[in-house]
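I have placed the structure first, in the form of structure tokens, so that the comments after it can refer back to it.
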Amino acid sequence: MDHAPLFAQPPLPFPAAQRYEDTVLEWARDLDAGILRARDLAYGPDPQQRYDVFAAGGMRGAPVLVFWHGGGWTNGYKEYVHFMAEAVVRRGLVFVAPTYRLAPRHRLPAAFDDAALLLGELRRTVGRWGGDGRNLYLSGHSAGGGTAAMAALRKRALERAGVPPGDIRGCLPISGVMDLHHPCPEPDSLEERVYTTLLEQPCEDALMSAISWTAGNLVPMMASYGERDSARVIGANTRMYELLKHQPADAGLHAWEGLDHFDTHLMLADPGHAWYGHLEALVARTSR
């Protein structure tokens, strides 16, 4: 499987991120080709606006899980998430793995706008592979978790893309980056990269944070993080959960015991992992 970047990507920020990338791309090579229905489909004119579809033969009207890869909105490939496809398809869902425009060439909200654009495309086309574009479930890891949450919460962006917000049936972000604001980032830190690499203007840090969009939420949001995740991820997800609890839709938050930021995605190599049970339960409760 070719993992050559569509554009040059900056070096990954630390060794753990590189080990994670090496692992998930190696796992992608073991993909069951029998469930890959389409690859490198375009949902926009940019070469990074592409997605892959996985489904079982004979599917009709199946719920759809869209899972965005992580990488800090500067790195990453849709192949990061391929290893999950078989476990998801076995549970009767169509699985969609997208990529999106990355910073610094495309600063936020490019990735969030791409998420809405993709969902509009899927609503029109996913029936080709047996999916129901009115039953969309969103997830992702790390920056992908933040993208999934923003896709669920930005109602006007969905409507502009031709997606009635009610078609988003649930969101399950994993170790999502939910809050970009930092009052005084340390030099050369990941927090400083938000301001130097991701944002057009420093004052947009709250605007580009999912935690700022929770008011009136109608999408069931079942977030999770690792017990050994970063303090920023744990704190932001906890604060966001406290806000979501007071909105109309259900909200949940789960800490995975003993796991760090990358483990919370790698854990899904186990097709029997409890996260998939959370997904199944949410689909059973909310699917049309």
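All residue numbers for the sequence shown refer to numbering that gives the first Met the number 0, where the first residue is 0 and numbers rise by one. C-beta: ideal position from N, C-alpha, C; glycine also. Quick caveat: nothing in here was measured; it's all calculated off a predicted structure.
Could you tell me which residues DSSP pairs with residue i in its beta bridges?
i, result
"residue 93", "63"
"residue 51", "96"
"residue 253", "223"
"residue 267", "None, per the DSSP bridge assignment."
"residue 35", "53"
"residue 258", "None; residue 258 has no bridge partner."
"residue 40", "50"
Considering residue i, what are the terminal residues of the alpha helix (DSSP H) in which it resides?
i, result
"residue 123", "109–124"
"residue 288", "The structure shown does not extend to residue 288, since the chain is modelled only from 0 to 287, so the question has no answer here."
"residue 160", "Taken as a continuous stretch (DSSP letters only), residue 160 belongs to no alpha helix (DSSP H), as it is neither H nor E."
"residue 283", "273–285"
"residue 25", "14–27"
Report the CB separation of residue i from residue j in whole angstroms; it is logged as a contact under 8 Å.
i, j, result
"residue 93", "residue 130", "4 Å"
"residue 121", "residue 95", "6 Å"
"residue 144", "residue 173", "5 Å"
"residue 119", "residue 66", "Going by Cβ atoms, the distance from residue 119 to residue 66 rounds to 18 Å, so no, they are not a contact pair."
"residue 38", "residue 98", "Going by Cβ atoms, the distance from residue 38 to residue 98 rounds to 12 Å, so no, they are not a contact pair."
"residue 169", "residue 136", "5 Å"
"residue 84", "residue 53", "4 Å"
Mind checking residue i: buried by the 16 CB within 10 Å criterion, or exposed?
i, result
"residue 244", "exposed"
"residue 183", "exposed"
"residue 219", "buried"
"residue 17", "exposed"
"residue 226", "exposed"
"residue 278", "buried"
"residue 208", "buried"
"residue 0", "Note that residue 0 scores 43 on pLDDT, short of 50, meaning its location in the model is unreliable and no value can be drawn from it."
"residue 2", "The predicted position of residue 2 is uncertain, since its pLDDT is 44 and thus under 50; no value can be drawn from it."
"residue 141", "buried"
Grab the span of the beta strand (DSSP E) containing residue i for me, first residue to last.
i, result
"residue 153", "It is not in any beta strand (DSSP E) - residue 153 carries neither H nor E in the DSSP assignment."
"residue 140", "130–140"
For this session: Jot down the residue ranges of each uninterrupted alpha helix (DSSP H) in the segment 168–222, minimum 4 residues, whole runs only, in chain order.
Result: 189–192
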